[in-house]
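Residue numbers (the working numbering), protein chains in the order written: chain A, 55 to 696; chain B, 14 to 658. Even for Gly, the Cβ is constructed at its ideal location relative to N, Cα and C. Inspection log for the structure reproduced underneath, given as structure tokens.
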Amino acid sequence: MRIRLAAVAAAVSLILVSSLSAALSKAQTFRDATHEELTMKGLDSAPGASAAILDWVHVDELGAMSEYYRIKVFTDEGKQYADVEVPYMASYPADGQVTDIAARTIHPDGTIVPFDGKVYDKLLYKGSHGVYRAKTFSLADVQPGSLLEYHFVVRWSPNLLMDTEWIIQKSIPIEHASFTLTAYDGNEFGSFFTYSGLPAGVVPSHVGTARNKFALEMAHVAPYRDEPYALPAAQIKPRVAFYYTASHVRPDSFWDSQSRDWNKEAEGFLARSRGVSTTASTTIGSEQNAGEKIRKLYTFVQGLKNLSADSSVTTIKEAKSADDVIANKGGSSHELTRTFVALARSAGFDANVIRVAPRDERFFSDKLPDAEQMSAEVAEVIVDGKPLYFDPGTPHAPFALLSWEKTYVPGIRMTKGGSPQWLKTPVDPPSTALLQRKADLRLDGETLKGTMTIAFRGQEALVRRLRGDDEAARKKAIEDEIKGWFPNGAVLNVKSAEGLSSPDDAIVVKCDAELPGIVSRAGTRLMVPLSVFAASTRNPFAASTRTAPIYFHYSRQEDDEVKLTLPAKYAAGSHPPPQSLNAGSFQYGMTVEDHGSELTMKRSLIIDAMFIDAEQYSGVRNFFNAAATADQRPLLINPPAE
Amino acid sequence: MRRALWLLLAFTALPGRASVPDWVTTAAAAMVPSAFVGDAKAVVVFDSKEISVGGGEIITHRRRVVRILTAAGRDLASFVVHYDKETQLRSFHAWAISGSVTRQFGERDAFEANPYGEVFDDSRVKALTIPNVAPGTVVAWEYEQRERPDALQAIWDFQEELPVLSAKCQLFLPPGWEIDLRWFHHEPVAPLRGMPGSWELHEVPALKDEPRMPAFGAVAGRVAFNFVPPGTPARGTIHRSWGDVASWFANLALARCVSSPQIDAKVHELAPQTAAPLDRLTALTRFAQREVRYVAVEIGIGGYQPHAAVDVFRNRYGDCKDKVAILRTMLAAAGFESYYVLVNTDRGIIDPAFPTAVLFNHAIIAIRLPKDVSFPGFFSVYDHPTLGRLLIFDPTSSVTPLGRIPEYEQEGHGLLVTEKGGELISLPVAPPDSNQLRRRAKLQLTADGALAGDVEEVRTGALASAMRYTLRTLNSTERSRAIEQMVASHMLSSEVRELKIENADDPSADLVVRYRLTAPRYASRAAELTLLRPRVLGQKADAQIDLATRKQAYVTDGPSLQTDDIEIVIPPELHLDELPPVATISIVPLAYSSHAKFENGVLHYQREMTTRTFTVPVASLAELNRAFAKISSDERSTAVFVEKR
């Protein structure tokens, strides 16, 4: 988001380029090392850290940004923080430069090694979108125990307003950070702050009486850690952003205004789509059932080319109406969704477009007046008095199913009357994301051989359809996934894989399988965990501790059935007893039917949860450990006496 | 700003008016046998390299036509050409043909960028992504490069990961010039009739990626050329022998190794004459390895030429050849003779049959050991016929101690560079028992099937280096998690407490990991039986190799000796029913044995695995599979206990 400010250009730039402002200077002063800094060996709050940022001063002004870093190196690995790269845009419109670079190394004994090496100017990118370069330099004589200090100023054309974003978490701990911003003070433009992930009570605040000066102080920021089933990184990391806007939009009225604009745009598209009735009636034919009618229309739209999903398409000619989309046999995601709504309305359904805020990268905040948050559209159709939600803009999305990132999120319903309405999209039950696995196996030596049928239904089908560019890639990915359920060496011969590139409810894979590595010897006996699909699965919650909340993208369910036939004269010994675990949102059940030489295991796992606090981690871990234990309980088989 | 930059890199080119040359349209119309293509995502229909030599320059004119076959193949419509200060890019054009629609692209549609993440590096690429490419689209590109290389050599690398329908190479030399050439990983092919200096290959199969295969460059077909002018060539421009290559590098590097009073003083401080030779060597090599930070500064000739030792000493940073420069200088000041050794970090890339500098990507050092001093426990010693014992050392590898070289350098070739020239040497291999993992566990089984006790893992040599490499970037919490994850991969439920890691940052000592293991529900119950897998930790068997499709040899983690010694105290209410059978396997690449016994209420399980070779040839892979299957079966075996009545 950049705005050129022709009016303020010349005067301001003269002032800024000629000398450092007081605020920038604040970030440009080296300080003596304290005894504590010189002797510190590590941080109690981050034992074993390779280095720590003791102080980070970041100053944003019009046309310039200054940074100061004070870093303590604890280990050899921490020496990497002495290599510095400062990127900048060297071409129009920023015409940037990096100035005032200074650095020094302070040894534990207090001796100072000033940086007098070369600063390189490295090309990062040069093309039709400008020239980006970086100043690079390396501090000298850095050892564990060294204190690194450096600062620089990045300048750009002061008649270019740049948004500011502070992400206040790095791979090493930050002991203290100070951020200040002096924003443009003219009346031509609006501006606003947004922030997330900050500790309680910490917010950017005004400096003194100046209305355009802001400051933020943070202390003891732990390094970022990646964990399985974590919230999006952008959601976790402390972040502050300051945006300029082309008009004086107040955050509290932004969404009202924005939703009206969207309503007008969507309804305009629909109003111009009067020519779709022929298509609707042709598609529906003689069908009378409402559910089947809407299914036919949905299948028709899913059959159109989704240009947004084609990575090779770089420019999409905008369609003005559903007629254009139908004539072009394709359109963008939004256009397909609106076309579906147009067809549904034409067929007599009460149908609306709903603008939604996907939750795959960041969660919606109504405090942030950024329209990009609501980047997707879905359709709502009343069928037999009930609202159904559709995702025709997502390729191969099954009938009446939203892609997971569009479920359980805020949305704005566009209406014919022009009065947008807020709502929350529904959250789907586990049964709409179902993995059904069936195996019919026989024991052959120490290998299990037989056939398997795997069905990925609903959300489980959709996520796999979105994995690859084409059917071959999707098939390969699924084959690899199925192989990954078993110990090394599993051989699959896929006989058929259906539903990979359609909006059908399920992907169904049928294959012959040879599974070595599951049967094991217990002296003269053989052991087989009958839960062959799950017995080798790694527990994602093996770690004994957890920092971040657990985030399941959607609720899901697994239903397994394994039939095992023993060879002649082999006898089944004891088999696992029935198992049932109920931890509220998590449920597990397993039973074995024993018919002599033929045994059938049935297993079910339900995860009916989305967000779980880190405090509840031990309960989650215990459940998954107990389920894994049940999955591994073996059937004992007695071979015939030799 | 950085984020904005990388988003921009994803932008693609806009087409210009199409004027498609004949070589593109002819190649685009070529029939491609479906059996030849198989399941490839694209096929190279035509690839041509014209190389003109003269006036100390090499001009390369490259033409290439690729037919995209699947949606996944669309990423092959991106082209990248490298260049730098020594190599000019003179022209750059591309075309796309989709049915009757043709599009043309030029240099203005491309962008320039730095391809590597080094702090200081002037390498550049010119890159172009052709948009709107669908299966069936034919994309073509052409460029001309002009370079003034240090040596007049070129490589025609005709085999790649895609099938190549037609590959062509043409050389243009001034009258009187000669060509030395060598074919690698392909039978030599005669030049085209009546066209000496022109070769054409048809239906070159794709070299597909296979798990644990040798480095691509060590198995891909290619031809290397040496261009030899008449008369006496300028010094250093012709590399017909390894001595020529060594002399060229010596000319660049050796003058950089000049000491200063400050360096001399540091040498005196670290390695006084009164100290023992081993201590002096240890101190100086440690300085180069630990106190000179790795930072690559590769500007212009800096890609080959080290910085002056005095600069490296002052800055305390440099790349591999800079580290060797300062170490050589300090060793000389201490009275030790030493030499540059140029290597490639992938085994098998350097072929003794074709002397060239361009395939080296790393520099290490050979230190001449004093005749009358013994250095026990050194596994990287090369016995040179005239220079005597040379200790090979890599100051860039922070996890490899003096006396060893990294596993990936062993069994490769290195160019020993001396003042008088040099020669190619075979780099020494450390024996299996110098790379050990010794795991000992004293555990107790409780009546409810939980396992608890103390585990100690001692790693030496390459296995210690590998573990140190993993641990080096992790803080204490992350190290605990990493160990927890390793343990968790062998059992359902476990906790690791009281973790202690000794010598993680000291590569000269054994790496010792100790922890207290708790594994609830470790033993399974089946009616009156308790089933206990005595192996507990560690997996020695690799995945079964798909012999039906395998084309390449199998690369191991290198020679090692790994032992497990597990004691489990069994509750008194259980008595032994059956023990796992003894396992014994011995084939050329490896040996494995295990046995369990039950005495005085203690289940004692011991096993040993020796890996003997770096590589297993294709002909031995069936045998290797059988061995892995037996090891895997042994690893799953359980002891059976019955409750006493």
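For ASN328 (chain B), the chain A residues whose C-beta falls within less than 8 Å of its own C-beta are GLY171, SER192, ALA194, ASP195, listed in chain order. With fewer than 16 neighbouring CB atoms inside 10 Å of its own CB, GLY189 (chain B) falls in the exposed class. The C-beta of TYR298 (chain A) has 16 or more other C-beta atoms within 10 Å across all chains shown, which makes the residue buried. For ALA40 (chain B), the enclosing alpha helix (DSSP H) begins and ends at 35-41. Bridge pairing for LEU201 (chain A): A:LYS126, A:ILE160 [DSSP].
Shown here for GLN172 (chain B): same chain residues with a beta carbon closer than 6 Å to its own, the five before and five after excluded, namely VAL217, LEU220, ALA233, GLY234 in chain order.
In this structure, B:TYR618 is the residue among B:TYR618, B:LYS336, B:ARG75 with its C-alpha nearest to the C-alpha of LYS455 (chain B). Contact of GLU500 (chain A) with chain B by beta-carbon distance below 7 Å involves SER646. Assignment of beta-bridge partners to THR248 (chain A) by DSSP yields A:ALA295. Between the alpha carbons of PRO541 (chain A) and SER590 (chain A) lies a distance of about 6 Å. GLU304 (chain B) reaches chain A at GLN197, counting residues in chain order whose Cβ is nearer than 7 Å. Counting along the chain, the unbroken alpha helix (DSSP H) around GLN356 (chain A) starts and ends at 344-356. For ARG529 (chain B), the uninterrupted beta strand (DSSP E) run begins and ends at 524-532, by DSSP. ARG360 (chain B) and ILE661 (chain A) have their C-alpha atoms spaced approximately 48 Å apart.
ALA273 (chain A) sits exposed, since fewer than 16 C-beta atoms from the chains shown fall within 10 Å of its C-beta.
Using a CB distance below 7 Å, the part of the region 669-695 of chain A facing chain B consists of ASN679, ALA682, THR683, GLN686, ARG687, PRO688, LEU690, ordered along the chain. The beta carbon of ARG103 (chain B) lies closer than 6 Å to those of GLU157, ARG159 in the same chain, with the five residues before and after it left out. Chain-ordered, the chain A residues with CB closer than 8 Å to the CB of GLN498 (chain B) read ALA596, ALA597. ASN317 (chain A) counts as buried, since at least 16 other C-beta atoms from the protein chains shown sit within 10 angstroms of its C-beta. Across the set A:GLN641, A:LEU620, A:VAL674, the C-alpha of A:LEU620 shows the shortest separation from the C-alpha of LEU653 (chain A). Chain-order list of chain B residues neighbouring PRO570 (chain A): GLN557, ALA642, SER645, SER646, by C-beta distance under 9 Å. Cα atoms of LEU484 (chain B) and LEU415 (chain B): separation of roughly 20 Å, rounded to the nearest angstrom. Going by beta carbons, GLY256 (chain B) and LEU165 (chain B) fall outside the 9 Å limit. By the rule that beta-carbons nearer than 9 Å mark a contact, PRO445 (chain B) does not touch chain A. Rounded to whole angstroms, the gap between the alpha carbons of ASP420 (chain A) and THR248 (chain A) is 10 Å. Beyond the five residues adjoining it in sequence on each side, ALA41 (chain B) comes within less than 8 Å, by CB distance, of VAL58, VAL78, ARG80, ILE110, VAL151, ALA153 in the same chain, given in chain order. Minimum Cα-Cα distance from GLN197 (chain A) among the listed residues A:MET581, A:GLN151, A:ASP130, A:ASP667 corresponds to A:ASP130.
Sequence-distant Cβ neighbours of PHE595 (chain A) in its own chain, meaning closer than 7 Å and more than five residues away, are VAL674, ARG675, PHE678. Here the C-alpha atom of ASP222 (chain B) lies approximately 48 Å from the C-alpha atom of LEU589 (chain B). In this chain, the beta strand (DSSP E) harbouring TYR142 (chain A) covers 137-143. By the 16-neighbour rule on beta-carbons within 10 angstroms, LEU560 (chain B) is exposed.
With a cut-off of 8 Å on Cβ pairs, the region 565-582 of chain B is in contact with the region 622-637 of chain B, counting three or more such pairs. Interface with chain A (9 Å Cβ-Cβ cutoff): GLU125 (chain B) is included.
Between LYS189 (chain A) and ILE107 (chain A), the C-beta gap is not smaller than 9 Å, which leaves the two residues out of contact. Bounds of the alpha helix (DSSP H) holding ILE380 (chain A) are 376-382.
The residues PHE641, in chain order, have a CB closer than 6 Å to that of ASP555 (chain B) in the same chain once the five nearest residues on each side in sequence are set aside.
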